[in-house]
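Q: 189 is the number that full-length UniProt numbering gives to position 189 of the sequence shown; each next residue is one higher, with no gaps.
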Amino acid sequence: MRINVLQHTPNEGPGMIEDWANAHGHELFVYHPYQFGHLPTAAATDLLIILGGPMSPNDELPWIKRERVLIQELLDQDVPMLGACYGAQQISKTLGYPVTKAPAKEVGWAPVYRQSTVIPGIPEKLTVLHWHEEMFTVPAGAELLFSSDRVKNQGFVLNHRVVGLQFHFEPRANNVREMVVNDYPYIQGSVLKQTAAEIMATPVPAENRVVLDKILDYITAK
Numbered sequence: 001m002r003i004n005v006l007q008h009t010p011n012e013g014p015g016m017i018e019d020w021a022n023a024h025g026h027e028l029f030v031y032h033p034y035q036f037g038h039l040p041t042a043a044a045t046d047l048l049i050i051l052g053g054p055m056s057p058n059d060e061l062p063w064i065k066r067e068r069v070l071i072q073e074l075l076d077q078d079v080p081m082l083g084a085c086y087g088a089q090q091i092s093k094t095l096g097y098p099v100t101k102a103p104a105k106e107v108g109w110a111p112v113y114r115q116s117t118v119i120p121g122i123p124e125k126l127t128v129l130h131w132h133e134e135m136f137t138v139p140a141g142a143e144l145l146f147s148s149d150r151v152k153n154q155g156f157v158l159n160h161r162v163v164g165l166q167f168h169f170e171p172r173a174n175n176v177r178e179m180v181v182n183d184y185p186y187i188q189g190s191v192l193k194q195t196a197a198e199i200m201a202t203p204v205p206a207e208n209r210v211v212l213d214k215i216l217d218y219i220t221a222k
């Protein structure tokens with residue numbers, strides 16, 4: 001399987017998604033459209049990963065619009081897709097739904113709560129890394145997958161092939177440190193009231209890797 005990853009900032013990479021790909025013997029290709037402008041073709045994509053970033057799907061940038069063209073092609077072809085944060089918003093926007101300001105800016109570690117059992121084996125509550133102040137609209141036909149205490153739309157699953165997450169399952173501990181040391185000014189104004197040091201000192205829950213693997217297994221199952 002060829003996994004194409006759209007990375008949108010240097011400090012938010014595929015993290016544990018790369019571990020899953022390696023464990024299954026898949027090839028992983030990372031694109032940086034914000035810097036180089038290149039995107040994979042739909043024909044060369046068996047699984048698309050759309051990562052987070054500081055931009056918004058509402059920004060009028062040509063490469064952001066071209067990403068949505070690719071996403072629509074893959075939706076039409078029933079190709080598996082996982083979006084994280086901005087990535088989930090891009091999927092929703094591609095389907096014609098608005099991306100809006102969230103009720104609260106969440107930056108740091110906080111729980112999310114499972115809202116659907118369509119993906120087996122996901123715990124009722126998980127502690128995850130939040131890094132956002134916008135949110136997607138759950139597309140018609142999709143199931144709400146996760147909610148947090150302050151933001152209802154934290155995850156959705158669509159047609160057994162697409163999962164969008166407003167938060168981050170993918171970072172390892174070193175990835176969290178990379179996010180914080182490079183983007184720490186963004187923490188200001190978060191309702192979670194965590195410092196950069198507190199965010200970095202919080203261990204990545206082992207179950208996050210397990211659930212991420214379950215999601216990837218689910219959307220790629222034959």
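All C-beta atoms, glycine included, are put in the ideal place defined by N, C-alpha and C.
Contact check, Gly52 vs Trp131 under 8 Å by CB: the rounded distance?
A: Right, the Cβ-Cβ distance comes to about 7 Å (below 8 Å), so this counts as a contact.
Q: Under the three-state reduction of DSSP, which class applies to Ile187: helix, strand or coil?
A: Ile187: helix per DSSP, three-state reduction.
Q: In the DSSP output, what is Ser147 paired with across the bridge?
A: Tyr113, per the DSSP bridge assignment.
Q: Decide if the region 112-122 is in contact with the region 91-98; the criterion is three or more beta carbon pairs, one per stretch, under 8 Å apart.
A: Verdict: no, contact absent.
Q: Jot down the residue ranges of each uninterrupted beta strand (DSSP E) in the region 67-137, minimum 3 residues, whole runs only, in chain order.
A: For the region 67-137, whole beta strand (DSSP E) runs of length 3 or above, ordered along the chain, are 81-84, 100-114 and 125-135.
Q: With DSSP as the reference, label Glu27 as helix, strand or coil.
A: Residue state, collapsed to three classes: strand.
Q: Three-state secondary structure (DSSP) at Phe36?
A: Residue state, collapsed to three classes: helix.
Q: Please work out which residues of its chain come closer than 6 Å, Cβ to Cβ, to Pro57, disregarding the five sequence neighbours upstream and downstream, and give them in chain order.
A: Excluding residues within five positions, the ones whose Cβ falls inside 6 Å are Gln89, Gln90, Lys93 and Val99.
Q: Can you confirm whether the region 57-76 touches the region 138-157 when touching is taken to mean that 3 or more C-beta pairs between the two stretches lie within less than 8 Å?
A: No, they do not touch.
Q: To which residues does DSSP link Phe156 through a beta bridge?
A: According to DSSP, Phe156 bridges with Leu144 and Gly164.
Q: Near Arg177, what residues of its chain come up, given a Cβ to Cβ distance below 6 Å and the 5 sequence neighbours on each side ignored?
A: So the qualifying residues of the chain are Met200.
Q: How would you call residue 230, buried or exposed, if buried means at least 16 neighbouring beta carbons within 10 angstroms?
A: This structure leaves residue 230 out entirely; the chain is present only between 1 and 222.
Q: If you follow the alpha helix (DSSP H) that Arg209 is part of, which residue opens it and which one closes it?
A: Element bounds for Arg209: Ala206 to Thr220.
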